Amino acid sequence: MTQIDEQSFVQVCNWISQNAGIAVPKGKTDLLRQRMGRVLRRFGYDDMRRLARELVPNGAADVQMAVMDAASINHTYFFREPDVLQSFMDIAVPEFQDRSEFRIWSAACSSGEEAYTIALMLIDLLGAEKARRASILGTDISGPVVDRAELGIYSRVQMARTEKRILDRWFQPTGIDQFRVKPDLRAMCTFRRMNLKAVPYPFARPFQAVFCRNILYYFDRADQSATLRAIYDVTEPGGWLVTSVTETIRDLGSAWEPVAAGLYRRPK
Ligand SMILES: C[S@@+](CC[C@H](N)C(=O)[O-])C[C@H]1O[C@@H](n2cnc3c(N)ncnc32)[C@H](O)[C@@H]1O
104 MTQIDEQSFV QVCNWISQNA GIAVPKGKTD LLRQRMGRVL RRFGYDDMRR
154 LARELVPNGA ADVQMAVMDA ASINHTYFFR EPDVLQSFMD IAVPEFQDRS
204 EFRIWSAACS SGEEAYTIAL MLIDLLGAEK ARRASILGTD ISGPVVDRAE
254 LGIYSRVQMA RTEKRILDRW FQPTGIDQFR VKPDLRAMCT FRRMNLKAVP
304 YPFARPFQAV FCRNILYYFD RADQSATLRA IYDVTEPGGW LVTSVTETIR
354 DLGSAWEPVA AGLYRRPK
């Protein structure tokens, strides 16, 4: 039986907040306790104190990574919040669609559904050949979800909002009720592990647009502001930021200009 004492649990929450920028919401502590219980069992630790001891600069990297993975909430699906996606396609894409290349970043991409959705919508808007000018980068702090994004296999549930014509053209059935992204769609997207809290971001070339959806509300205010500033710095002047419509960035002292619900622009 593994033990989770309150003092060590608070220590672990503080470490998660400092290192991943994830403030554990009050209502979510039970879920986190359950997940930490799994980490303890995986490493054969009897109690949380043993785990907390590893959360120091020279602690065991595999334990630290497992704690990060357990703290991240990866829920996502194809064509999530379609209205803001459509605003992006209608308002933003026409401004850069004639370039020979354009770069879009899905920051906190989870298992890749957002990145592939952007690719599919670009194909619908521009046609497959022109859409191939897009380089779509998906990043996430959690290694296992980045691996899943690279694999590109999804269940019918995750694809419930995907039209049949899209499913038939861009996905290969594999196993029972599972679909694999076809190579020509896969080739538009690249996935990497990356911590949004590690600012400034290490990109040599700016993005035309960045999606940062359903992640900021896990961060405390200081990390929200720092993240928005760092994204601003890697977006070209006149470039775009897409957030979730449930997250407002207006009172975070950022220089992003609101354009439509969930759509912001860096001034030119
Ligand atoms: C709810 S998912 C959002 C996925 C997608 N953007 C969407 O809107 O459907 C949040 C993701 O943020 C990731 N995450 C949490 N903290 C992070 C951090 N500090 N840096 C990068 N990704 C992080 C989690 O691993 C998780 O996959």
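To get our numbering, take the position in the sequence shown, counting from 1, and add 103. Note that beta-carbon positions come from the ideal geometry of N, C-alpha and C, so glycine has one too. Note that this is a predicted model, so its numbers are computed, not measured.
- Query: Three-state secondary structure (DSSP) at THR330?
  - Reply: In the three-state DSSP reduction, THR330 falls in the helix class (H, G or I).
- Message: Can you tell me whether TRP208 is helix, strand or coil according to DSSP?
- Response: Taken through DSSP and simplified to helix, strand or coil, TRP208 comes out as strand.
- Item | contact_flag[the stretch 290-309, the stretch 201-218] where n(CB pairs < 8 Å) is 3 or more | Yes, the stretch 290-309 touches the stretch 201-218.
- Message: Here's the rule: buried if 16 or more other CB atoms are within 10 angstroms of the residue's CB, otherwise exposed. What is GLN106?
- Response: With fewer than 16 neighbouring CB atoms inside 10 Å of its own CB, GLN106 falls in the exposed class.
- Through-space distance from PHE181 to GLN261, alpha-carbon basis: Across the structure, GLN261 and PHE181 are spaced so that their CA atoms are roughly 6 Å apart.
- Could you spell out the range, first to last residue, of the beta strand (DSSP E) harbouring THR265? Premise fails: THR265 is in no beta strand (DSSP E) and is neither H nor E.
- Query: What is the C-beta distance between VAL115 and LEU158, in whole angstroms, given that I count them as a contact (C-beta under 8 Å)?
  - Reply: Rounded to whole angstroms, the Cβ separation of VAL115 and LEU158 is 7 Å, and the two are in contact under 8 Å.
- Message: Bridge partners for CYS292 per DSSP, in chain order?
- Response: Looking at the DSSP assignment, CYS292 forms a beta bridge with ILE239.
- Quick one: grab the DSSP three-state call for PRO340. Here PRO340 sits in strand by DSSP.
- Name the one or two DSSP bridge partners that GLU360 has. Beta-bridge pairing by DSSP links GLU360 to ARG368.
- Query: Residues in its own chain within less than 8 Å of ASP108 by CB, not counting five upstream and five downstream?
  - Reply: Contacts found: ASP150, MET151, ARG152.
- Under a Cβ-count criterion, where at least 16 other Cβ atoms within 10 Å of its own Cβ denotes burial, should ASN57 be classed as buried or exposed? The requested residue 57 is not part of the displayed model; the chain covers only 104 to 371.
- Would you mind reading off the limits of the beta strand (DSSP E) that contains VAL313? Where VAL313 is concerned, the enclosing beta strand (DSSP E) stretches over 310-315.
- Closer than 8 Å: is that where the CB of ASP323 sits relative to any heavy atom of ligand 2? Inclusion of ligand 2 in the displayed structure is not the case, the ligand content consisting of ligand 1 alone.
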